[in-house]
Amino acid sequence: MPELPEVEIVKQSLNKIVKSKIIKKVLVNNRNLRFKVPKNFESYLKEKKIIKISRRSKYIIFEIILEQYLIIHLGMSGTIHLITNNNQKNTNLSFYQKKDLPQNHNHIIFFFNNFKIVYNDPRRFGFVKIFKTKLDLLNYFNKLGPEPFSNSFNTQYLKKRFKNRIKNIKNFLLDQSLVSGIGNIYASEILFISKINPMKKVKNLTVSEMYKIILNTKFVLKKAIRKGGSSIRDFKNIIGSRGNYQKEFNVYAREYLSCPSKRCESKITKININNRATYYCKNCQK
DNA sequence: AAGAGGCCCTGATAGC
DNA sequence: TGCTATCAGGGCCTCT
């Protein structure tokens, strides 16, 4: 599920549900996530009031006490489920009803007064971390490039970063130290709209191509957020949930299908770039 | 130092 | 049906 738009949707939903609520209890069923869940995790969070929830890149950030934080990264397969105690229909689209809670891999459960929040993650590439000062949190995010929507993601910046670099642009868009939050789906989509070949070496990009990448990154991610993110592969399990952006894909998962550009007769091509599937139109993207 | 590749893990699907 | 191989939305680590 989770690239920037999906994480943003989860964050927004969490803000509606758990902001200003007190965590009554935490249960960890499996500590073996990407990183070990710390021993003091449960006791630290117990009886703490959540001040607010924010997002940096693909990380969800809970401010627990003033300037102390819990972060959650969903990895490849992490999902967050709201389980309510009553049968009242939950109108918040990003959450699940009880019947939709998977049987397995419910690794962490946060108990509140009238509901619980469940962290589920089959592949366990996700993780949680606690930071007890704002400085620790900022240091942790130090390596991350700018948020795609920030003004510091501009052509001057890309010119500097791309100079003399032979890596291809698809790979570079996935590099979180360049710009943070883009994942494998949106990288292909951004390059299609920008009409740039994913294999193109960044040192050969013109300034106008960089400009297109910047604008289209913002455009694609914003539109995906507006559509509630992309829901793929777990369709059957997602009820009461959500995203519609997968209907807007131009190239991702569309191998052999027609290029959506007007007057283009080509089919979408799938290639591997650093072992990640990459989709593009050979005719439109030069 | 930059860039490529392996690896962590489970589940769905394709092919034999 | 039942096996094996391949592939998934991420990111850290190691090697050259």
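Numbering-wise (this note's numbering), the first sequence opens with residue 6 and increments by one. Cβ atoms here follow ideal geometry from the backbone N, Cα and C, with glycine treated the same way.
Rounded to whole angstroms, what is the Cα-Cα separation between residue i and residue j?
{"i": "I237", "j": "R36", "result": "27 Å"}
{"i": "N119", "j": "S25", "result": "14 Å"}
{"i": "I174", "j": "N255", "result": "18 Å"}
{"i": "N189", "j": "A282", "result": "8 Å"}
{"i": "F197", "j": "Y191", "result": "10 Å"}
{"i": "E13", "j": "S271", "result": "34 Å"}
{"i": "N95", "j": "N209", "result": "Low confidence applies here, because N95 scores a pLDDT of 48, under 50, leaving its location unreliable and the question unanswered by this model."}
{"i": "K172", "j": "K206", "result": "5 Å"}
{"i": "K164", "j": "I122", "result": "43 Å"}
{"i": "K30", "j": "F136", "result": "19 Å"}
{"i": "N279", "j": "Q73", "result": "37 Å"}
{"i": "I66", "j": "M204", "result": "34 Å"}
{"i": "K168", "j": "F224", "result": "25 Å"}
{"i": "K232", "j": "K16", "result": "15 Å"}
{"i": "V184", "j": "L32", "result": "35 Å"}
{"i": "N176", "j": "F117", "result": "41 Å"}
{"i": "H110", "j": "T89", "result": "19 Å"}
{"i": "D126", "j": "N34", "result": "12 Å"}
{"i": "N20", "j": "C269", "result": "44 Å"}
{"i": "V257", "j": "Y285", "result": "In the sequence on display, residue 257 carries Tyr and not Val. Cα to Cα, the separation comes out at about 8 Å."}
{"i": "T274", "j": "R128", "result": "28 Å"}
{"i": "L50", "j": "I22", "result": "17 Å"}
{"i": "I230", "j": "F154", "result": "12 Å"}
{"i": "L106", "j": "E52", "result": "25 Å"}
{"i": "I55", "j": "L149", "result": "25 Å"}
{"i": "E253", "j": "R259", "result": "11 Å"}
{"i": "C292", "j": "R170", "result": "Shown here, the chain extends from 6 to 291; a query on residue 292 therefore has no answer."}
With burial defined as no fewer than 16 other Cβ atoms inside 10 Å of the residue's Cβ, what is the status of residue i: buried or exposed?
{"i": "R60", "result": "buried"}
{"i": "K139", "result": "exposed"}
{"i": "S199", "result": "buried"}
{"i": "L262", "result": "exposed"}
{"i": "T211", "result": "exposed"}
{"i": "S193", "result": "buried"}
{"i": "L142", "result": "buried"}
{"i": "S157", "result": "exposed"}
{"i": "N221", "result": "buried"}
{"i": "I195", "result": "buried"}
{"i": "S48", "result": "exposed"}
{"i": "C264", "result": "buried"}
{"i": "K217", "result": "buried"}
Mind checking whether the beta-carbon of residue i lies closer than 7 Å to any heavy atom of the ligand SAM?
{"i": "I278", "result": "The ligand SAM is absent from the structure shown, which contains no ligands of any kind."}
Could you work out which residue in the options is closest to residue i when comparing CA atoms only?
{"i": "G131", "options": "Y216, N109, N169 and I76", "result": "I76"}
{"i": "F40", "options": "H112, N147, K275 and N176", "result": "H112"}
{"i": "G80", "options": "L9, E47 and K21", "result": "L9"}
{"i": "Q161", "options": "N176, Y257, E152 and I219", "result": "I219"}
{"i": "C27", "options": "F115, E152 and I88", "result": "Residue 27 is actually Ile in this sequence, not Cys. Closest option to I27, Cα to Cα, is F115."}
{"i": "Q181", "options": "E152, K252 and I88", "result": "E152"}
{"i": "M215", "options": "C289, L178, I69 and E253", "result": "L178"}
{"i": "N7", "options": "N288, L226, K148 and E260", "result": "Reading the sequence as shown, one finds Pro at residue 7 and not Asn. Ranking N288, L226, K148 and E260 by Cα distance to P7 puts L226 first."}
{"i": "S213", "options": "N288, N159, K228 and E260", "result": "N159"}
Give the DSSP bridge partners of residue i, in chain order.
{"i": "C286", "result": "I273"}
{"i": "V33", "result": "I113"}
{"i": "N173", "result": "K206"}
{"i": "T89", "result": "F120"}
{"i": "F136", "result": "Y74"}
{"i": "F67", "result": "I58 and L75"}
{"i": "R281", "result": "I278"}
Can residue i and residue j be called in contact, C-beta distance under 8 Å?
{"i": "S18", "j": "G186", "result": "no"}
{"i": "G83", "j": "Y124", "result": "yes"}
{"i": "H3", "j": "Y64", "result": "An answer regarding residue 3 cannot be provided, because it is not within the stretch 6 to 291 covered by the chain."}
{"i": "V133", "j": "L38", "result": "yes"}
{"i": "Q251", "j": "S235", "result": "yes"}
{"i": "N202", "j": "K57", "result": "no"}
{"i": "E68", "j": "G248", "result": "no"}
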